[in-house]
Amino acid sequence: MIYLGKDEMSKSEKATFGAGCFWCTEAIFERLDGIKSVVSGYSGGTVPNPSYEEVCTGKTGHAEVVQITYNPAKISYERLLHIFWECHDPTTLNRQGADIGTQYRSVIFYHDESQKYLAEKIKDDVQKNFHDPIMTEILSLTNFYPAENYHQDYYKVNPEAPYCRLVITPKLKKLFENK
């Protein structure tokens, strides 16, 4: 048994992923042990503090993302990456299901060089699981803007909304029923 001191148990790191609609991605990562928070937001664009309406035009360059604060003593960045590639189709360009546009692209925004290295390495490793080439971008995080409050914890707050029932709930069942 490994004893983790108070400092190791309270340590936090961040990961930022875009895997289509942030409502789906947020609902997935919130269910994992070791996750402290998941915030829906926007990254990768050129407009400071964009609104949802602006991002939806596809003209700001932002992707819908989640920024995950996690305890690396409980869950590793590598495990988060594997879940990222499992929770969406990284082989489609600017699309996840019926959500189409650059704001729905598959992207990893790394926070440091070790995250970049792991993202590139695991991307190469998981490519064998896909017939088509992985289209996921791996970019340095330059900005993160939290989305409007009504986007936060969307699935928790709106489990009966049609999008939640028809898209998110089946995705969660598929990912977690055999785990």
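Just so we're aligned, residue 228 is where the sequence shown starts under my numbering, counting upward by one.
The C-beta atom is built at its ideal place from N, Cα and C for all residues, glycine as well.
Distance from the CA atom of LYS301 to the CA atom of PHE256, rounded to whole angstroms, is 14 Å. In this chain, the alpha helix (DSSP H) harbouring SER341 covers 340-353. The three-state secondary structure of LYS241, taken from DSSP, is strand.
Under the criterion of beta carbons closer than 8 Å, MET362 and LEU320 qualify as touching, at roughly 5 Å. Beta-bridge annotation (DSSP): GLY268 is paired with VAL292 and PRO373.
GLY328 sits close to GLY285, with the two beta carbons spaced by under 7 Å.
With contacts defined as CB atoms closer than 7 Å, GLY245 and VAL353 fail to qualify as a contacting pair.
Annotation: the continuous beta strand (DSSP E) that includes TYR337 extends over 333-337.
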